[in-house]
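Position 385 of the sequence shown, counted from 1, bears residue number 385 in the UniProt record's numbering, the numbering being contiguous throughout.
Notes follow the structure.
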Amino acid sequence: MAHQLGPQSEFTSSARNHFFTKLKPVCVDISRLVLQGQQQNPDKAASDRRLQDLVTQLNGTLEAQIQYDATVLDHKLADYVFFPLSHVLRQQGSYSIRLIETVIKSLRLLIQYGWKARISKDLSQQLLILLTFIVGGVPGQERSQPTRPEETILEGYKALTVLIRFAGLSSKDSPLTDSKIIPSFGHAVSVILDSVVDGATPAIQLEALQAILTVYNTIKQDDVLATFFPGTVSSLCRVLSPPISTRAQRRVLVSGVNVLRAVLTNVLGDLKTRNLLRQTEEAHIDADGAASKNENTEGKVLTPAWLKATVAQVKVALSTVLKLRNHDGADVRMVMERLCITLLDECHSALSNCTSMLVESAMVLREDHNGPASLGSDMLSGEKAMFFGTSLQDLATIYPELTDAINTTVYNWITTMPRAMQSSDERVKQQALRNIVKSSELVSALQIESSNLEELLSSALRDSVVTLVLNTKDAKVLNEVEFDQNLWRSSDLVQTSQELQTYRPVILAQESQRDTRKDVASLIHNIGSSTQQTRLAADMLPYIRDSTGVNQISSFWLSFELVKSSFAKTSEVDDLLDLTNAAPDPSFPEDQESVFNELYSFSVSMLDAHSDANDEVDWRLEAIALEITAFGASRLGQAFRPELIDVLYPIATFLGATRPELRGHAITTLNSIAMSCGYGSVSELIIDNVDYMVNSISLRLNQFDISPASTKVLTMMIRLTGPSLLPYLDDVVAGIFAALDNYHGYSAFVGNLFGVLSEVVEQGVKADNLLIQDGKSKPVSHKKRPLESSGIEDTLALLDKRVKRKREEEEEDDVEEIIRGHPAEAWKSAKEELDAIESRDKGEDEPEEEPASNDEVAPPKSPTYTLLTKITSLTQHYLTSPTPTLRKQLLDLLSKVSAALAADENAFLPLVNDVWPVIVSRLHDPEPYVVVSACATLAALCEGAGDFLSSRVKTEWWDGLGKWFFRARDDARKISSRGVGAGGLGATRSSRGSMPGKQHDTATGGGIVIPMREGSGDTDGLQLEASSSSSRSGATTSTTVGLGRFASAAQTWDAVVSLLIAIVSFVLIEDDIFEQILDLLADDVLSRNKEARRALEVVNADAVWLAMYERGLVEPLPTTPVMDGVVFAPLGEVGG
């Protein structure tokens, strides 16, 4: 083992000799070159380069050996190596800074690993002066000297730190504190402190801080440290206070706080100052002996007077340093907390005047972690590592007087919280709220109970929330964008999702207040125990009942949040302990359930009183009431279903609220209740409880207590539930009919009621089994089909039908059955038919009628079908309403319902007979959009009734309907001739189609302007072409026009074209009427509208071709037809 070398080997002579053989040639060469330099060597530049290489080689050899085995380098080898280096240091002014820096590196290694504590007194003092001059310059000549590189200064501070540390270990008292050298040592400390404040780089500042820490950890003379103490604290406070602290790096601040903590504890620690503290106490007790004691302390630094003055100055310094408690860096806040805890513990008596501010800062910096701090991040090298697990709570247990300081701090924070909420800086608000949270946790941990604090906290909470609400601006624009007015109509609401169950905040709703809102919620959640939270919530109840405005809102919201947090804490405890049979607290009769029941009762009354016309109630109260109702449902689960009788309809009324926030809350509440009560969606919730809601609405309708909210809720119910709700609406629709009878003069109100009926129709037509109950409805198509040529097979089929019919007649004669022919009486009116339906629904016996022989008995109709029939029959009485929008709404309703009712002709055709005259009269309505809707409704009736309208169309046509059609076309052409497009309408000349006895000439001059479509069939083009004889020869003129096809006349003509197509497609008409329709459409429509052309060709394709041929719209046949016995005349050009 004696010859083994390695990091763990002992120093042996052979290893030292081997290391010496490496050092000797280098040291000899360095000495030779230095001596040559003193003798005016002519080749000095080459000599300096060689010297630089040798010193670098020496430093590398030392570092390599230290990394391998540092024990080989002893004080003797250090003396040998230092000899040539000392010559360089004596003549440092004649060598480069780089060389001096390398020498300082080697010197630091010699001190740290060579001499160690054996460094001589004289050498340590000389090196102290030398290194001080290198890093700080010669006193009084700093400006005249060139600035040294930052790297050189950094190496100088490293060497100085090592020198101070090992010099202090060399003897009982450090040789650097000798009376002869103490001025130089004081100067060195001043230089170090200057670099702490004004260091060129953070690395230099950190090394300077390390050097100061070494001074206070190694120097054992308290009077020397007391001499340096004021300057040290002053410099550290400059670094840790604005403006330097705002631009300093966090690692500098962390190290600075740690050094300040070490300095204060080493100088003002209770163990260091216990004698001075005792003398101070004795001086207070025996004032007469103070003079004699002062005589004994003359010439001393550490005196009671010094302590008193120093403590006062330290308090001022700490007041500036403790501002770092609000620093953004977590590591800075951690070391600040450690500073406060350490001073409260180790300087408890000496710095008793700083207790209040230290306690307050420690509470501000109190974090959730209670474990030991991470020492690796905030400990400086050389500082004795120690376990740091003491907290403010532990100190309050050790020192009971700290409890009073904690109470005072908490009292001050609670008192100033409402004022802090008035600040425009959100960070100030957040800090105040977090302070209350931390103080509440500490008070609970220390089990400090104070009724005054609880009352004060209750009042401060309410006042703070009031202040926050008053200072919050209403972000109307943002809310209106996010909550569309018709959002509740969306079908997405019928599905329950987590997103739809999240409420938007009622208090502090702005995005800039998000962090403040989180801190308020954290404060409410962490404020005391569950019992304390319930007690605070109960204190808010009188303000909810008696106050108004913002005070009521704040109390309501706070009470709910406290109860909600209390239930959450109780649930966490119940998971661990079974306290079901525990006796209640006799000192506080109010429990969670009773407080929540009060809130719930107030919320239900608030929801019941909701009305669109009542703007006095703040919407935030109603929003909080909705949240409380949803929370109650989440707690009770399916047991909440009986409560739906009282709350479901009021909640639904908020879907029609004017405030978008209330509509959003209502949607979220419905989804939350649906999930809590075990429903898959809001649709299932409403369907399962439809009797409650229908009864609520029916009661209001029967009492004529109808508001816009009622109609909107009913519309929402119908839209969300779809056709499945309609069978339950008999009474509601009857109530609407009664309301229409009593208030038919109020057009807006009638419009709202018919809006509900329109929704009934819109959903009713979607029903699967709408038409026939327990049967299959056969679709009826009245569309005309082209005639097919008959052959021998058709003739044989016709003969077979005749033989079969004759045989059936003979069989009927044999059994003497009476065959009834066509009906001997007129159709029943719609009223009689509805009366019969209602009597059958009520179970009354109908008068027996003579059976209809061969007629099939009509299957029973579904309730939805009956409902739609009633609504359709009712509309005819309001089509003459003075409100045009209502007239259009009713016409659209009839258009939707026609297709659904058409399958049962026995019920549908009487309705058509009743509404036909009123709808036809709407064609002469002064409002064009009503005329357009009337045309669409008549087209729908033609499609549903078919040939039943043949005689009515004939009568109306010759009574003036035909003239009206021609007039509508002429109006469109006149607008076109004035340069306004008529939706594609144009004329190449005067119309050939006209009513008998009247010519409809529309062409003035040589031609008219007609719209031209660009590309393929684009009907939206707004370009017009001037048509004349010259335009047909190739010359065209285009121009840009105004309304185009959006003009009223153009819109009306488009609707007329659709109506004419429906008449031709579904109704049997006379040839004369067909010819006039053909004349109406031939000029301008058939060439572009394929649907119109197909419909007319089904009736008479030859007539359509001839009309278009006469107008030059089709080419003549390329060849003349050939037929035996017939000669066809050649066709010439016609109409071109």
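Where is the CB? At the ideal position from N, CA and C, for every residue including glycine.
When the Cα atoms are used, residue 222 and residue 439 turn out to be separated by approximately 38 Å.
Considered as a whole, the region 7-76 harbours no complete run of any beta strand (DSSP E) with no fewer than 3 residues. Scanning its chain for C-beta atoms nearer than 6 Å, with the 5 sequence neighbours on each side dropped, one finds around residue 626 the residues 665, 669, in chain order. Assignment of alpha helix (DSSP H) within the region 149-229, counting only whole runs of 4 or more residues, yields 150-169, 182-198, 202-218 in chain order. Taking the C-beta atoms as reference points, residue 357 is found no nearer than 8 Å to residue 392. Residue environment for residue 433: buried (at least 16 other C-beta atoms within 10 angstroms of its C-beta).
Under a 10 Å Cβ-count criterion, residue 597 is classified as exposed, with fewer than 16 other Cβ atoms of the shown protein chains found around its own Cβ.
For the options 62, 235, 966, the alpha carbon positioned closest to that of residue 74 is the one of 62. Closest option to residue 631, judged by alpha-carbon separation, among 137, 603, 545, 653: 603. Taking a cut-off of 8 Å for Cβ pairs, the region 937-955 and the region 1074-1081 do not touch, as fewer than three such pairs fall below it. Between residue 502 and residue 687, the alpha-carbon positions lie close to 23 Å from each other. Distance check between residue 884 and each of 765, 748, 783 places 748 closest, using alpha-carbon atoms only. Nearest to residue 714 by C-alpha distance, out of 595, 148, 755, is 755. Listed in chain order, the non-local C-beta contacts of residue 150 below 7 Å within the same chain comprise 200, 201, 204, local neighbours out to five positions each way being set aside. Look at residue 803 here: in three-state DSSP terms it is helix. About 7 Å separates the beta carbons of residue 1078 and residue 1104, which is inside the 8 Å limit, making them a contact pair.
No Cβ-Cβ contact shorter than 8 Å links residue 232 with residue 176. Three or more beta-carbon pairs separated by less than 8 Å are not found between the region 300-311 and the region 331-345, which leaves the two stretches without contact. Here residue 545 is exposed, its C-beta having fewer than 16 other C-beta atoms within 10 Å. A distance below 6 Å between beta-carbons, with the five flanking residues on each side excluded, links residue 301 to the following residues of its chain, in chain order: 223, 226. Inclusion of residue 157 and residue 207 in the CB contact set at 8 Å is warranted, their separation being smaller than that value. For the 8 Å CB-CB criterion, residue 896 and residue 765 form a contact.
DSSP places residue 527 in no alpha helix (DSSP H); its state is neither H nor E.
Taking a cut-off of 8 Å for Cβ pairs, the region 417-431 and the region 392-409 do not touch, as fewer than three such pairs fall below it.
Between residue 412 and residue 112, the alpha-carbon positions lie close to 53 Å from each other. The Cβ atoms of residue 105 and residue 59 lie closer than 8 Å to each other.
Counted as a single uninterrupted DSSP element, the alpha helix (DSSP H) harbouring residue 649 occupies residues 644-653. Residue 28 sits exposed, since fewer than 16 C-beta atoms from the chains shown fall within 10 Å of its C-beta. Listed in chain order, the non-local C-beta contacts of residue 564 below 8 Å within the same chain comprise 631, local neighbours out to five positions each way being set aside.
Distance from residue 782 to residue 1066 at the Cβ level is roughly 4 Å; contact confirmed, criterion being Cβ atoms closer than 8 Å. If you ignore the 5 residues before and after residue 947, its C-beta comes within less than 7 Å of the C-beta of 782, 1067, 1068, all in its own chain and listed in chain order. For the set 1055, 745, 892, 865, the Cα lying nearest the Cα of residue 935 is the one of 1055. When DSSP states are grouped into helix, strand and coil, residue 1126 belongs to the strand group. Separation of the CB atoms of residue 191 and residue 254 is rounded to 23 Å, and the pair is thereby denied contact status at 8 Å.
Listed in chain order, the non-local C-beta contacts of residue 530 below 6 Å within the same chain comprise 566, 569, 570, local neighbours out to five positions each way being set aside. Per DSSP, the unbroken alpha helix (DSSP H) holding residue 917 starts and ends at 905-921.
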